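Undergrad: Attaching a single structure in structure tokens format; questions to follow.
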Amino acid sequence: YTNAGKSTLLNTLVGASEVLAADQLFATLDPTTRRVRLPQRHPALFTDTVGFIQKLPTGLVAAFRATLEEISEADLLLHVVDITHRNVLQQAAAVATTLTEIGATTAPLVTALNKIDRLTSPEALEPLLSEFPNSIAISARSGQGIEALLARIEAVLNADMVPLRVRLPYRQGDLLALLHQVGHIRREVHGPHGTLVEGLVPARLSEQFRPFLTSR
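Per my numbering, the very first residue in the sequence shown carries number 87; after that it's consecutive.
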């Protein structure tokens, strides 16, 4: 949902202040992508998108469409929830409804309960954890819970990875680039007939590499 702290979280993840983070609706209108190292040193691309709202204004439809395109290509969706908002449950429901409407229900979802630094007491978090099972409580501003969030994201992504051993002809440089971008490469050897690569790749992309599978 808009103004939940997505841009602040991305800034915290990359250790920078490049992404506009403001306490206002739609501070982010265009998707912004940054590379982040996960706990086991694997790189991941995080995209900060325009937040959802109910009954999106017509003037923001174009920017919202760009966000939808980013979501449809994601390996994982990170739902940032502002737990201090009085309508937190309605906002979360609006996000779930929008994801269903655009058909973005196949990618795994990780929920981050943001702004725990603003809670009046630790006990206030308990009912929210019950409402959002398997969520991670964080403060994007202070950094609390960020390591646990990254560990959860990495575990979910790894669960969707499949092993791969391919020999890619040099003309398939685009597939090698794709492996470097979204896969975990364990071995890469350049030979006279192409590049031998062993590693892991998201299951949804494995079919692209089927013609180049090799046992040698």
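The C-beta atom is built at its ideal place from N, Cα and C for all residues, glycine as well.
Computed from a predicted model, the values in this text were never measured in an experiment.
1) Could you have a look at alanine 241 and say whether DSSP puts it in helix, strand or coil?
2) With which residues is proline 219 paired in a DSSP beta bridge?
3) Are three or more beta carbon pairs between the stretch 90-104 and the stretch 161-176 nearer than 8 Å?
4) What whole-angstrom Cβ distance do leucine 307 and serine 292 have, given they're in contact under 8 Å?
5) Give me the residue from Ala237, Thr186, Leu243, Leu199 with the minimum Cα distance to glycine 269.
6) Drop a sphere of 10 angstroms on the beta-carbon of glycine 259, count the other beta-carbons inside from all chains shown, and report buried for 16 or more, exposed for fewer.
7) From the DSSP secondary-structure annotation, give me the bridge partner or partners of alanine 130.
8) Under a Cβ-count criterion, where at least 16 other Cβ atoms within 10 Å of its own Cβ denotes burial, should alanine 107 be classed as buried or exposed?
9) Hey, would you say alanine 223 sits closer than 7 Å to isoleucine 202, going by beta carbons?
TA: In short:
1) helix
2) DSSP, once it has assigned bridges, lists no residue as partnering proline 219.
3) yes
4) Limits of the chain in this structure are 87 at one end and 302 at the other, which puts residue 307 out of reach.
5) Leu243
6) exposed
7) Val122
8) Bear in mind that the predicted position of alanine 107 carries a pLDDT of just 42, short of 50, making it unreliable; the figure below should be weighed with that in mind. Alanine 107 comes out buried.
9) yes
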